[in-house]
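Undergrad: Please see the structure below; I have some questions.
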Amino acid sequence: MSAEIVETLIKILVVVLVFSGLGAFGTYLERKVLAYFQRRLGPTYVGPFGLLQVIADAIKLFTKEDVIPQNANHLIFSIAPVIAMVSAFVSMAPIPFFGDFQIFGHTIKPIISDINVGLLFFLAVGSASIYAPLLAGLASNSKYSLIGAARATIQLLSFEVVSTLTILAPIMVVGSLSLVEINQYQEGGMLHWLVFKQPLAFFLFLISSYAELNRTPFDLLEHEAEIVAGFCTEYSGLRWGMFFLAEYAHLFAFCFVISLIFFGGYNAWGFIPGGIAILIKVCFFVFLSMWARATFPHVRPDQLMRMCWKIMLPLALVNILITGLVLLLF
């Protein structure tokens, strides 16, 4: 086995372990942030500041009875959460998390695969997660899960269209689909960040990302205000946990991509080194998603579809047209 293959396998293992840990810690962090906004304490009893609550939740999920409905399709029912996990982690392959660095004279590139269509790969593989709620709802043999799956499919398909069209304008400006080249395009300080050239694209992509990630106020996939839990009503134990671990892992991945495309990525930010700079940006966007959950009320399905097809989609098309005309003329 060549050294390049070994290095790639090590990178894959590190990404899976790190983002699995971040996904688990994200549940604790979100509970603390929501508690702060709602004047509560959040987790406090298990460990110092409630930090060991994450381990307690993991033990509960691993030991809880794994129930499969009697008339469900057992194979598809079991595969659905795996699809969610795989799509979330595989989509991270073309993301450059930091700049290159050296260890003992060996240059380390913190990216699994630097392909020239990295952004397209991220969007395409990430969109495969739509099969997880669809198959989960269809295989559960429950009318509640089936309705939840239908609602999830409509939402994810709709906002996939918007997010893909929205990101076309920054791609036109840079002239590349590589996340590394998009990051390099923004070298030279804040004035080179694409958020100042494409502010509308940023806001549209951020909102569509929240909808794709099942974040409040667009959490119609698993609506916590309802008695049932949407497509995952019949899931329990570890399979239930896999859905939400994938959701949090995808959240961190999207925050990295937003930072890379619009906010200079891992380029140095004034006196702040690039590696620390991108961590600050990612943490801010993770916090912003939690802030939005604590602030905005849920939207109805008809309101969500109206916003997607009648507001966001036309704005994305207009932004592409204006960007093309500006590039053609200037």
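Here full-length UniProt numbering is used: the first residue of the sequence shown is 1, the next is one more, and so on. A virtual CB, placed ideally from N, CA and C, is assigned to each residue, including glycine.
1) Based on the DSSP output, what are the partners of residue 106 in its beta bridges?
2) Residue 269 by DSSP, collapsed to three states: which one?
3) Do the CB positions of residue 318 and residue 307 come within less than 9 Å of each other?
4) Exposed or buried, residue 286, counting other C-beta atoms within 10 Å across all chains shown (16 or more means buried)?
5) Which of the three DSSP states is assigned to residue 130 in this structure?
6) Return the first residue and the last residue of the alpha helix (DSSP H) that residue 255 is part of.
7) If the criterion is Cβ atoms closer than 9 Å, does the pair residue 153 and residue 312 meet it?
8) List, from N- to C-terminal side, the alpha helix (DSSP H) runs of 4 residues or more that fit wholly inside the stretch 29 to 91.
9) Ends of the alpha helix (DSSP H) at residue 302?
10) Roughly how many angstroms separate the alpha carbons of residue 13 and residue 237, rounded to a whole number?
11) Determine whether the beta carbon atoms of residue 182 and residue 126 lie at a separation below 9 Å.
12) Given a threshold of 16 other Cβ atoms within 10 Å of its Cβ, counted over all protein chains shown, does residue 301 qualify as buried or as exposed?
13) Expressed to the nearest angstrom, what Euclidean distance is found between the alpha-carbon atoms of residue 124 and residue 43?
14) Just to confirm, is the Cβ distance from residue 248 to residue 22 under 9 Å?
15) Buried or exposed for residue 65, going by 16 or more other Cβ atoms inside 10 Å?
16) Are the beta-carbon atoms of residue 232 and residue 145 separated by less than 9 Å?
17) Give me the Cβ distance between residue 304 and residue 218, rounded to the nearest whole Å; I'm assuming they're in contact under 8 Å.
18) Give me the Cβ distance between residue 89 and residue 16, rounded to the nearest whole Å; I'm assuming they're in contact under 8 Å.
19) Would you say residue 334 and residue 135 are within 9 Å of each other, going by their C-beta atoms?
20) Secondary structure at residue 18, three-state DSSP: helix, strand or coil?
21) Examine the Cβ distances between the stretch 194 to 208 and the stretch 101 to 111 and report whether three or more of them are shorter than 8 Å.
22) Residue 164 to residue 45, Cα distance in whole Å?
23) May I ask which residues mark the beginning and end of the alpha helix (DSSP H) holding residue 143?
24) Where does residue 188 fall in DSSP's three states?
25) Beta-carbon separation of residue 198 and residue 267 under 9 Å?
26) Tell me the DSSP secondary structure of residue 193 in three-state form.
27) Compare the C-alpha of residue 54 against each of 157, 36, 95, 31 and name the closest.
28) Can you give the beta carbon distance from residue 215 to residue 316, rounded, assuming they're within the 8 Å contact cut?
29) Just curious, the alpha helix (DSSP H) that residue 286 is in, first and last residue?
30) Given that a residue counts as buried once 16 or more other Cβ atoms are within 10 Å of its Cβ, and exposed if not, what is residue 253?
31) State the CB to CB distance for the pair residue 212 and residue 156, rounded to an integer number of angstroms; the pair is presumed to be in contact (CB under 8 Å).
32) Could you name the residues of the same chain whose beta carbon sits closer than 7 Å to that of residue 281, not counting the 5 residues immediately before and after it, in chain order?
33) How about residue 24 and residue 132: are their beta carbons less than 9 Å apart?
34) Apply the 10 Å Cβ neighbour rule to residue 47 and answer buried if 16 or more other Cβ atoms are within range, or exposed otherwise.
TA: Let me spell this out:
1) Position 106 of the sequence shown, counted from the first residue, corresponds to residue 106. Bridge partners of residue 106: 103.
2) Numbered from its first residue, the sequence shown carries residue 269 at position 269. Three-state result, residue 269: strand.
3) The residue you call residue 318 lines up with position 318 of the sequence shown. The residue you call residue 307 lines up with position 307 of the sequence shown. Residue 318 is not a Cβ neighbour of residue 307, given a cutoff of 9 Å.
4) In the sequence shown, residue 286 corresponds to position 286, counting from 1. Residue 286 should be labelled buried.
5) Against the sequence shown, residue 130 aligns to sequence position 130. In the structure shown, residue 130 sits in a helix (DSSP, three-state: H, G or I).
6) On the sequence shown, position 255 is the one that residue 255 refers to. Unbroken alpha helix (DSSP H) run through residue 255: 237 to 262.
7) For the purposes of this step, residue 153 is identified with residue 153 of the sequence shown, where counting begins at 1. For the purposes of this step, residue 312 is identified with residue 312 of the sequence shown, where counting begins at 1. Contact: no.
8) Complete alpha helix (DSSP H) runs here, min 4: 53 to 63, 74 to 90.
9) To locate residue 302, count along the sequence shown from 1; it is residue 302. Residue range 301 to 306 is occupied by the alpha helix (DSSP H) that includes residue 302.
10) Counted from its first residue, the sequence shown places residue 13 at position 13. Counted from its first residue, the sequence shown places residue 237 at position 237. Distance between the alpha carbons of residue 13 and residue 237 is about 24 Å.
11) Counting from 1 along the sequence shown, the entry for residue 182 is found at position 182. Counting from 1 along the sequence shown, the entry for residue 126 is found at position 126. With respect to the 9 Å criterion, residue 182 and residue 126 are not classified as neighbours on the basis of their beta carbons.
12) Residue mapping note: residue 301 aligns to position 301 of the sequence shown, counting from 1. Residue environment: residue 301 is assigned as exposed (fewer than 16 neighbouring CB atoms within 10 Å of its CB, all protein chains considered).
13) Reading the sequence shown from its first residue, position 124 is the one you call residue 124. Reading the sequence shown from its first residue, position 43 is the one you call residue 43. Between residue 124 and residue 43, the alpha-carbon positions lie close to 37 Å from each other.
14) Your numbering for residue 248 matches position 248 in the sequence shown. Your numbering for residue 22 matches position 22 in the sequence shown. Against a cut-off of 9 Å, the Cβ pair of residue 22 and residue 248 comes out as a contact.
15) Locating residue 65 in the sequence shown gives position 65, where the first residue counts as 1. That one is exposed.
16) Within the sequence shown, numbered from 1, the residue matching residue 232 stands at position 232. Within the sequence shown, numbered from 1, the residue matching residue 145 stands at position 145. Residue 145 sits close to residue 232, with the two beta carbons spaced by under 9 Å.
17) Translated into the one-based positions of the sequence shown, residue 304 becomes position 304. Translated into the one-based positions of the sequence shown, residue 218 becomes position 218. So it is a contact: roughly 6 Å between Cβ atoms.
18) Mapped onto the sequence shown, residue 89 falls at position 89. Mapped onto the sequence shown, residue 16 falls at position 16. Between residue 89 and residue 16 a beta carbon distance of about 6 Å is seen, short of the 8 Å cut, so the two are scored as contacting.
19) Outside the shown range of the chain, which is 1 to 330, sits residue 334, and nothing can be said about it.
20) The residue labelled residue 18 in the question sits at position 18 within the sequence shown. In the three-state DSSP reduction, residue 18 falls in the helix class (H, G or I).
21) At 8 Å Cβ cutoff, the stretches do not touch.
22) In the sequence shown, counting from the first residue as 1, residue 164 sits at position 164. In the sequence shown, counting from the first residue as 1, residue 45 sits at position 45. Straight across, the Cα-Cα distance linking residue 164 with residue 45 is about 44 Å.
23) On the sequence shown, residue 143 is found 143 positions in, with the first residue counted as 1. First-last of the alpha helix (DSSP H) with residue 143: 143 to 174.
24) Residue mapping note: residue 188 aligns to position 188 of the sequence shown, counting from 1. Of the three classes helix, strand and coil, the one that applies to residue 188 here is coil, per DSSP.
25) Your numbering for residue 198 matches position 198 in the sequence shown. Your numbering for residue 267 matches position 267 in the sequence shown. Result no, Cβ atoms of residue 198 and residue 267 do not sit closer than 9 Å.
26) Position 193 of the sequence shown holds residue 193. In this structure, DSSP gives residue 193 a state outside helix and strand, which the three-state scheme calls coil.
27) The count along the sequence shown starts at 1 and reaches residue 54 at position 54. The option with the nearest alpha carbon to residue 54 is 31.
28) Here residue 215 refers to the residue found at position 215 of the sequence shown. Here residue 316 refers to the residue found at position 316 of the sequence shown. About 19 Å separates the beta carbons of residue 215 and residue 316, which is beyond the 8 Å limit, so they are not a contact pair.
29) The residue given as residue 286 occupies position 286 in the sequence shown. First-last of the alpha helix (DSSP H) with residue 286: 274 to 295.
30) By one-based count along the sequence shown, residue 253 stands at place 253. Buried, by the Cβ-count rule.
31) For the purposes of this step, residue 212 is taken as residue 212 along the sequence shown, with counting starting at 1. For the purposes of this step, residue 156 is taken as residue 156 along the sequence shown, with counting starting at 1. Their Cβ separation, rounded to whole angstroms, is 6 Å, which keeps residue 212 and residue 156 in contact under 8 Å.
32) For the purposes of this step, residue 281 is taken as the residue at position 281 of the sequence shown. A distance below 7 Å between beta-carbons, with the five flanking residues on each side excluded, links residue 281 to the following residues of its chain, in chain order: 259, 263.
33) Within the sequence shown, numbered from 1, the residue matching residue 24 stands at position 24. Within the sequence shown, numbered from 1, the residue matching residue 132 stands at position 132. Not closer than 9 Å, so no.
34) Residue mapping note: residue 47 aligns to position 47 of the sequence shown, counting from 1. Looking at its Cβ environment, which holds fewer than 16 other Cβ atoms inside 10 Å, residue 47 is exposed.
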